[in-house]
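For reference, the structure discussed in these notes is given below.
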Amino acid sequence: MNVTWYVVLSAFLFAIGAAGVLTRRNPLVVLLCLELMLNAGNLALIAFSRMWGNGDGQIFALVVMVVAACEVVVGLGIIVGIFRRRIPEDVDALSELRG
Amino acid sequence: MIFEQIVFFIAAIGALAGAAGVVLLRNPFYSVLALVGHLFFLAVLFLLLRAQFLAAAQLIVYAGAVMVLYVFVVAYIGGADEPLGQNIPGLRPLGVLFAVCLLAELCIAVIGSGLQALDSHGADIGNGFGTPSQIGSLLLKQFLIPFEAASYLLLVAAVGALVLARKRRGFEELTGEGGTA
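Residue numbers (the numbering used here), protein chains in the order written: chain F, 94 to 192; chain L, 10 to 190.
See below:
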């Protein structure tokens with residue numbers, strides 16, 4: 094398989110994730126779609142790593158996974174906080190960052 | 010190799026279907042399950058690209074731990090269906106249009122790229138490519154500072170999650186007790 098296939102697939106996944114971030118209103122699903130985008134980036138990084146026969150891209154993908162884990166932890170913490178304060182779970186209603 | 014192509018297309022269709030499921034399903038719980046399927050097929054693709062360690066890490070850390078966290082939060086806040094109405098009409102087609110434009114731009118960038126190696130199977134690689142030992146030696150020899158920075162980032166995120174999830178006035182109660190004692 095040519096590397097192009099993998100990169101184009103990752104472009105498709107990234108675009109699907111972006112569409113989800115832009116159209117969904119539940120903040121939890123927005124976070125899930127962000128995961129999709131990060132994973133599409135990971136796939137491209139690993140495809141390029143395979144293309145050059147070099148492990149650096151895989152290290153980069155590993156760091157992206159760490160960043161994604163941190164994003165999930167903080168994002169879910171914020172969502173639980175939103176739920177506790179009985180603010181509606183709708184990104185349109187969450188237009189203020191005031192605590 | 011025909012076998013590699015068959016596995017690639019099965020995994021690619023699975024990954025695309027999982028991604029579409031995350032975006033299209035209205036119940037957040039089903040979205041999480043679709044993402045688990047997506048991550049599984051993505052791990053298969055990683056294996057095809059000879060990233061064995063990352064495929065295993067993807068399955069264990071992502072599909073295992075992170076998704077369990079998501080399921081817990083969905084169970085905690087109640088996976089209510091999303092309301093269908095839109096506060097600002099016309100925003101949803103605009104978002105889809107933006108995503109399609111993004112896809113077209115990315116595809117033009119990939120197909121029009123001058124990288125000759127993109128149309129190859131990739132460079133020749135040895136047996137040890139993508140194994141835990143190679144990743145480990147790269148992390149400890151060449152990428153020690155990013156490795157340490159990632160561990161600090163995880164620590165910061167863990168502390169941040171604790172601060173976010175504590176009860177309101179948690180710290181004030183603590184200092185109040187300290188004052189009386």
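We treat Cβ as the ideally placed atom computed from N, Cα and C, and that holds for glycine.
| Asked | Found |
| --- | --- |
| Of the choices F:Met158, F:Val101, F:Ala186 and F:Ala112, whose alpha-carbon is the least far from that of Leu106 of chain L? | F:Ala112 |
| Gly174 of chain F CB to nearest chain L CB: under 8 Å? | yes |
| Restricting to Cα atoms, I'd like to know which of L:Ala60, L:Ala72, L:Gly73 and L:Ala65 is closest to Gly135 of chain L. | L:Ala60 |
| Hey, would you say Ile180 of chain F sits closer than 8 Å to Leu169 of chain F, going by beta carbons? | no |
| From F:Leu121, F:Ser142, F:Met130 and F:Val122, pick the residue whose C-alpha is nearest to that of Leu25 of chain L; which is it? | F:Met130 |
| Buried or exposed: where does Gln151 of chain F fall if 16 or more other Cβ atoms within 10 Å of its Cβ makes it buried? | buried |
| What first and last residue would you give for the alpha helix (DSSP H) that runs through Phe107 of chain L? | Leu100 to Ile120 |
| What residue range is occupied by the uninterrupted alpha helix (DSSP H) comprising Ala60 of chain L? | Here Ala60 of chain L belongs to no alpha helix (DSSP H), and DSSP marks it neither H nor E. |
| For Val184 of chain F, which three-state DSSP category applies? | coil |
| From the beta carbon of Ile109 of chain F, is the nearest beta carbon of chain L less than 8 Å away? | yes |
| Classify Arg177 of chain F as helix, strand or coil using the three-state DSSP reduction. | helix |
| Measure the Cβ-Cβ separation of Phe107 of chain F and Ala133 of chain F and say whether it is below 8 Å. | yes |
| Under 8 Å, do Val80 of chain L and Val41 of chain L count as touching if we go by C-beta distance? | yes |
| Specify the secondary structure class of Arg118 of chain F as computed by DSSP and reduced to three states. | coil |
| Measuring only between beta-carbons, confirm whether Gly146 of chain F sits less than 8 Å from chain L. | yes |
| Say whether chain L places a C-beta atom closer than 8 Å to the C-beta of Leu102 of chain F. | yes |
| Return the residue from the list L:Ile22, L:Ala28, L:Glu157 and L:Val32 that minimises the CA-CA distance to Gly104 of chain L. | L:Val32 |
| Would you decide whether Ala137 of chain F is buried or exposed? Buried here means 16 or more other CB atoms lie within 10 Å of its CB. | buried |
| Have a look at Ile69 of chain L and Leu54 of chain L and give me their C-alpha separation to the nearest angstrom. | 16 Å |
| Are at least three pairs of beta-carbons, each pair with one atom in the stretch 161-172 of chain L and one in the stretch 162-176 of chain F, less than 8 Å apart? | yes |
| Please report whether the beta-carbon of Tyr85 of chain L lies at a distance below 8 Å from any beta-carbon of chain F. | yes |
| Please work out which residues of its chain come closer than 8 Å, Cβ to Cβ, to Tyr71 of chain L, disregarding the five sequence neighbours upstream and downstream, and give them in chain order. | Leu48 |
| Whose Cβ in chain L lies nearer than 7 Å to the Cβ of Val165 of chain F? | Val75 and Leu78 |
| Determine, using beta carbons only, whether Gly113 of chain F comes closer than 8 Å to chain L. | yes |
| Mind listing the chain F neighbours of Tyr161 of chain L? Cutoff is C-beta to C-beta under 8 Å, in chain order. | Chain F residues near Tyr161 of chain L: none, gap ~10 Å exceeds 8 Å. |
| Alpha carbon to alpha carbon, what distance is there between Ile175 of chain F and Val96 of chain F? | 43 Å |
| Express the C-alpha separation of Arg175 of chain L and Leu115 of chain L in angstroms, rounding to a whole number. | 42 Å |
| So is Leu127 of chain F in contact with chain L if we call contact Cβ pairs under 8 Å? | no |
| Return the chain-ordered list of same chain residues with a C-beta closer than 6 Å to the C-beta of Gln143 of chain L, the five sequence neighbours on each side being excluded. | Gly137 |
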